[in-house]
Amino acid sequence: MGPVPRKTVEELCTLYELEPTVRDVFVEGADDKAFLKWYLEQRGASGVSVFEIDAVELPPECVIDADCEDGRRGRVIAFGIVLNESLQGASRECPTLVCDADTDNTLGGRSLPEFVVCTDFSCLEMYLFNESTFAKLMNVVLKGCSVPPSQALQELSAVLVRLWIIKTANHEEQMAMTWMPFDGCCRVNSGSIAFDESEFIKRYLQKNGQQWQEDRFRGAMQRIEQKCRADARHQINGHHMMTLTRKYMQSVASDKAALVTEGAFVRCLYGCAVESELDGSSMFSTVLQRVMSGR
């Protein structure tokens with residue numbers, strides 16, 4: 169079977185005008201789609217279609233005109249801005265667009281149309297970064313670990329926030345540096361993580377030929393750190409979380425079968441999501457309310 173044809177913005181706007189009871193959800197990627205679709209089905213929202221943003225034929229100029237970055241998050245936001253200019257009345261209830269908050273909760277962001285819903289934390293993966301989900305992972309999937317979930321979260325948070333600050337400093341200073349693996353500067357032993365931050369920054373700058381910018385870079389890190397919120401989930405990158413959590417669990421788990429590949433581990437962690445944790449979040453409740461309205 170060949171690829172499913174992408175929908176144009178014009179086709180979707182026409183559909184929503186003619187069929188105002190249609191309820192579509194657009195997300196960034198495949199993991200987001202599977203996660204949202206599962207949750208909505210669990211909550212009785214049948215007949216709702218969930219699409220990746222790549223299913224929409226969005227011209228590059230739309231992203232540029234909307235002053236969005238070229239990426240899935242940027243395309244979701246740009247798509248929302250285009251729809252905001254085109255939809256009127258009941259048709260505005262048809263689409264719901266979900267994107268990562270990214271750095272907006274910590275550093276501030278732009279105003280978005282009411283049907284563009286951002287995650288409560290930095291990214292969708294952060295809905296898995298809590299004691300309930302980790303307890304399920306560590307006790308059921310990994311058949312017991314040598315540390316409690318609370319300690320695992322504390323150890324991981326301390327390093328993941330520092331990595332987020334480093335990555336964000338590059339973005340805020342527009343240094344255009346290519347990210348590098350942090351494994352070589354991060355050692356896990358008996359449930360503790362030792363992160364050599366100075367060495368990582370040194371290697372990061374050297375790899376990108378920016379070692380002469382170290383003072384500027386560290387200054388940016390300090391400014392960002394001062395704005396960080398108390399809940400670490402606002403300052404953690406989802407991919408970093410998955411990578412480091414898998415490495416950490418390899419040092420404490422009784423059964424490591426689910427840790428053989430990162431792909432398998434990611435699926436297991438999503439499978440440990442606790443519905444009550446999601447029900448209490450603004451993003452999930454808002455999406456559910458929108459897709460159930462008028463039905």
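Position one of the sequence shown corresponds to residue 169 (my numbering), numbered consecutively onward. Even for Gly, the Cβ is constructed at its ideal location relative to N, Cα and C.
C-beta contact flag for residue i and residue j at 7 Å
i: E299; j: G406; result: no
i: C396; j: V309; result: no
i: I221; j: R243; result: yes
i: I333; j: M389; result: yes
i: V327; j: I361; result: yes
i: T287; j: M451; result: yes
i: L324; j: T413; result: yes
i: S422; j: K311; result: yes
i: V250; j: C236; result: no
i: V216; j: L204; result: no
i: V285; j: V428; result: no
i: S290; j: I392; result: no
i: F433; j: A426; result: yes
i: G359; j: V315; result: yes
i: A234; j: R174; result: no
i: C262; j: Y184; result: yes
Residue i, enclosing beta strand (DSSP E) - first and last residue
i: T264; result: P263 to C267
i: G273; result: Before going further, note that residue 273 is Asn rather than Gly in the sequence given. No beta strand (DSSP E) contains N273, which is instead part of the alpha helix (DSSP H) from D272 to L275.
i: R458; result: Segment S450 to M460 is the alpha helix (DSSP H) holding R458; no beta strand (DSSP E) there.
i: F363; result: S360 to F363
i: N357; result: C354 to N357
i: C286; result: V284 to C286
Bridge partners - residue i, DSSP secondary structure assignment
i: V195; result: E220
i: F385; result: Answer is none; F385 lacks a bridge partner.
i: N376; result: In DSSP, N376 forms no bridge with anything.
i: A421; result: C313
i: E225; result: T176
Residue i beta carbon near the ligand GTP (any heavy atom closer than 6 Å)
i: L373; result: This structure lacks the ligand GTP; in fact it carries no ligand of any kind.
Range covered by the alpha helix (DSSP H) that runs through residue i
i: V231; result: P228 to D233
i: N338; result: P317 to E340
i: C181; result: V177 to L186
i: I249; result: R240 to S254
i: G212; result: Premise fails: G212 is in no alpha helix (DSSP H) and is neither H nor E.
i: F350; result: Counting along the chain, F350 falls outside any alpha helix (DSSP H), and DSSP gives it neither H nor E.
i: R435; result: E430 to G439
i: L446; result: E443 to D447
i: A303; result: E299 to K304
Distance between beta carbons of residue j and residue i, contact taken as under 8 Å
i: L226; j: F247; result: 6 Å
i: R240; j: E196; result: 4 Å
i: T264; j: F283; result: 5 Å
i: S449; j: V356; result: That belief does not hold up - the Cβ atoms of S449 and V356 are roughly 29 Å apart, past 8 Å.
Evaluate contact between the stretch 374-394 and the stretch 343-358, counting only Cβ atoms and requiring at least three cross-stretch pairs below 8 Å.
-> In short, these stretches touch, since the Cβ pair count reaches three.
Count the C-beta pairs between the stretch 384-391 and the stretch 332-344 that are closer than 8 Å, then say yes if the count reaches three, no if not.
-> Touching, yes.
Inspect the CB distances between the stretch 249-269 and the stretch 431-446 and report whether three or more fall short of 8 Å.
-> In short, these stretches do not touch, since the Cβ pair count stays below three.
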